[in-house]
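Take any residue in the sequence shown, note its place counting from 1, add 2, and you have its number in the working numbering. Below is one structure, written out as C-alpha cells, with a few remarks after it.
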Amino acid sequence: MKKNISRRSPIGVFDSGIGGLTVARSLFEILPGENIIYLGDTARLPYGTKSKETVIKYSVEITKFLLNKNVKMVVVACNTASSVALPYLRKLTSLPVIGVIKPGCKAALKETNNFKIGVIGTLGTILSYSYKTQIHKIERETEVFSKACSLFVQLAEDGWTDNKIAKMVAKEYLDEFKRMNIDTLILGCTHYPILKNTISGVLGKKIKLIDSGEEAAKEVKRILEQEDMLNNQKKNGVHKFYVTDFQKKFKEISERFLGQPIHDVKKVKL
Ligand code: DGL
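Laid out in C-alpha cells, this is it:
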C-alpha cells in the first residue's frame, strides 16, 4: 500500500461539469461504502467542443488536485477527457486511473450479436475515434458507426428529456442507426443516460443501450477487489463535491443527474 493511501482513502472522480454525476450515481449504488470526492469543472465546460490540447491541460490540473486529496484511484467520468487525456494522466501517478471508454466498449462487445455497434458522444469524443479504436483493438471485425449528438447535452441540462423537442432531436440524430442495422448503441457521453427513455423510444427495444459510466463503475469495483483496496465499512461512504463555478440552476440540474439532493459542495480554484 502506498504512503498515505489506504482502503479508506476516497475515490477521486472528475468531469467537465455536472454530467459526471451520472457516473457518481452508479458508483454510489455499486460501492455504497466508498468515500468519494467529485470535481466538476463547471467554470470551463463544455469540453466536448474544445481542442485536445486544452482538454488534456484541464484534465492534468484536475488530476493533480485529486491526487493532493490523497485519493486511492482516479475515475475520469468525462467521455471527452477519457478519449484524449488518459495516457497523460497515467504519467502523473502509479495509482489506477480509469476512464469510461474501455468499459463501455467491453460491455458493448458482450451484448452485440451482429457486431454492428453505434456510438454517440460529443464532437471531441467522436473526432478522437477513441471508441472505434478501442472496439477494434478487442474485436477487429466489428462495424462501428459513430455520430456526435451535441444538442443532447443542453436538452439533458434543461430537463427537456422526454418532451416533443427531445423526441424530434433524437429522431433526427438516431434514425440512421436503424438503417445501419446496429443492435447495440454506446451512450458515450455523461449526459445521455438522462435521455435513455427517449433514445430507446426512437430506436426500439431491440437495440441495446450501453451506459459507459455504469460500466466504468463496475470496472472500478473489479479493480478495487483485485487490488484488495475495497472499503468494506458498513456505513455509507462520505461524498464531497467540488466545482470550479456555481453555474446557474446548479442545484436543480445536479439533483436531476445525481438522482438525489447534493450536499457539501465547495467552490475551488485549481
Ligand atoms: N462530460 C462531457 C462528456 O462526457 C459532456 C459535456 C461536455 O462537453 O463537457 O463528454
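Glycine residues also receive a C-beta, built at the ideal position from the N, C-alpha and C atoms. As the structure is a prediction and not an experimental result, all values here were calculated from the model.
With a cutoff of 7 Å, D17 counts as near ligand 1, since its C-beta is closer than that to a heavy atom of the ligand.
V57 places its beta carbon 8 Å or farther from that of V76. By the criterion of at least three beta-carbon pairs nearer than 8 Å, the region 241-248 is in contact with the region 32-43. Inclusion of V73 and I13 in the CB contact set at 8 Å is warranted, their separation being smaller than that value.
Collapsing the DSSP output to three states places A158 in a helix. Residue environment analysis places T135 among the exposed positions, since fewer than 16 neighbouring C-beta atoms fall within 10 angstroms of its C-beta. If you look at K59, you'll find it in the alpha helix (DSSP H) that goes K54 to N70. Counted as a single uninterrupted DSSP element, the stretch harbouring L33 is not any beta strand (DSSP E), since DSSP gives it neither H nor E. The Cβ neighbour count for P48, taken over all protein chains shown within 10 Å, is at least 16; the residue is labelled buried. Between L88 and K66, the C-beta spacing is not below 8 Å. Under a 10 Å Cβ-count criterion, F248 is classified as exposed, with fewer than 16 other Cβ atoms of the shown protein chains found around its own Cβ. The secondary-structure analysis by DSSP pairs M231 with nothing; it has no beta-bridge partner.
The shortest CA-to-CA distance from L211 to any of V121, E174 and I128 is the one to V121.
If you check the C-beta of P195 against ligand 1, you find no heavy atom less than 7 Å away. Within the same chain, and ignoring the five residues on either side of C191 in sequence, the residues whose Cβ sits closer than 6 Å to its Cβ are N81, G123 and T124.
Less than 8 Å divides the Cβ of I119 from the Cβ of A110. For the pair K220 and K108, the Cα-to-Cα distance works out to about 12 Å.
In the DSSP annotation of this structure, the continuous segment of the alpha helix (DSSP H) that includes M170 starts and ends at K166 to R181. Put simply, the backbone Cα of R142 is about 45 Å away from that of K269. If the five residues before and after L232 are omitted, its C-beta is found closer than 6 Å to the C-beta atoms of L226, all from its own chain and listed in chain order. The beta carbon of P48 sits closer than 7 Å to at least one heavy atom of ligand 1.
In terms of Cα proximity to I264, the closest of L23, E36 and Q235 is L23. Inclusion of S214 and I184 in the CB contact set at 8 Å is not warranted, their separation being larger than that value. For F259 and E174, the gap between their C-alpha atoms comes out near 24 Å.
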